[in-house]
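In what follows, a single structure is set out as structure tokens and then discussed.
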Amino acid sequence: TREKRLVDADGTAVWVQNALASVKDEGGRDTSFVAQFLDVTQTRSAQESLEVLALKDPLTELWNRRAVLEQIQEGLARTGRGGACRAVLYCDLDDFKPINDRHGHAVGDALLVTVARKIEGCVPQDAVVGRIGGDEYLVFLPSCADPLEVAGIAECIRAAVSRPTDVDGRELLITMSIGVGLATDGDDADSVIGKADQALYSAKGGGRDCVVL
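So the sequence shown is numbered by our numbering: it starts at 835 and just counts up by one.
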């Protein structure tokens, strides 16, 4: 039994499970074969959806920690040549807990979702964006022209997040600190994230609401 992807008459892709059995005569020789085809498109689609969900943050629909780390590692290996500037942005909201405590978790969650959309609105199409827990986000930029472009993207995110956000009729103000780690040859995901984390620590210590490379 095996599964194959086919295309029907109207161009729609379908997944078919194919089972083949032989018909034997009294002497045990194959005389014919019987093939059975079963449309398993819905089952396959459901399975693929579950696999994707396992890699997504259920609140923001960004990649989760596991998925974003894997994609950063794969991206560093894949784009190790060609001179592209690769970077990780470690983004952390400033003073998110007081908002959560004052307005409740529902409002806090809505704010986290809005922040996710603001981040996505600032990054190029090939960027990897993930929420790695709480109010922390990671962004992987695999193909920037130079550090200046990286800094510009980080500043776009910081500025977008700092603008007032309306959540259920409440105007919320929050800022974000961003640490930037630039990849060099031989770096893996942990080392670049470590650089970004150190830069974030400097951003937090330097007054917050800023970008540090």
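Glycine included, every Cβ here is placed at the ideal spot set by N, Cα and C.
Per DSSP, the beta bridge partners of I1012 are C925, V1045. In the structure shown, R965 adopts extended strand secondary structure according to DSSP, grouped into three states. For P958 and L975, the gap between their C-alpha atoms comes out near 8 Å. Look at the region 942-997 and you find these whole runs of alpha helix (DSSP H), each 4 residues long or longer: 981-996. Inclusion of V995 and L1016 in the CB contact set at 9 Å is not warranted, their separation being larger than that value. Contact between D969 and T1009 does not hold, since their C-beta atoms are separated by about 11 Å, which reaches or exceeds 8 Å. Looking at the backbone, the Cα of V963 and that of Q870 are separated by about 44 Å.
Around the Cβ of T846, a 10 Å sphere holds fewer than 16 other Cβ atoms; the residue is exposed. A buried status is given to D1021, since no fewer than 16 other beta-carbon atoms sit within 10 Å of its beta-carbon. Selection S1036, G942, V1001 evaluated against P932 yields G942 as nearest (Cα-Cα).
E908 sits in a helix when the DSSP states are folded into three classes. Burial state of G1039 is exposed, judged by a 10 Å Cβ sphere holding fewer than 16 other Cβ atoms.
Per the coordinates, the alpha-carbon of D859 lies some 41 Å from the alpha-carbon of D844.
One alpha carbon belongs to V949, the other to N852, and they sit about 47 Å apart. By the C-beta density criterion, T1018 is exposed, having fewer than 16 other C-beta atoms within 10 angstroms.
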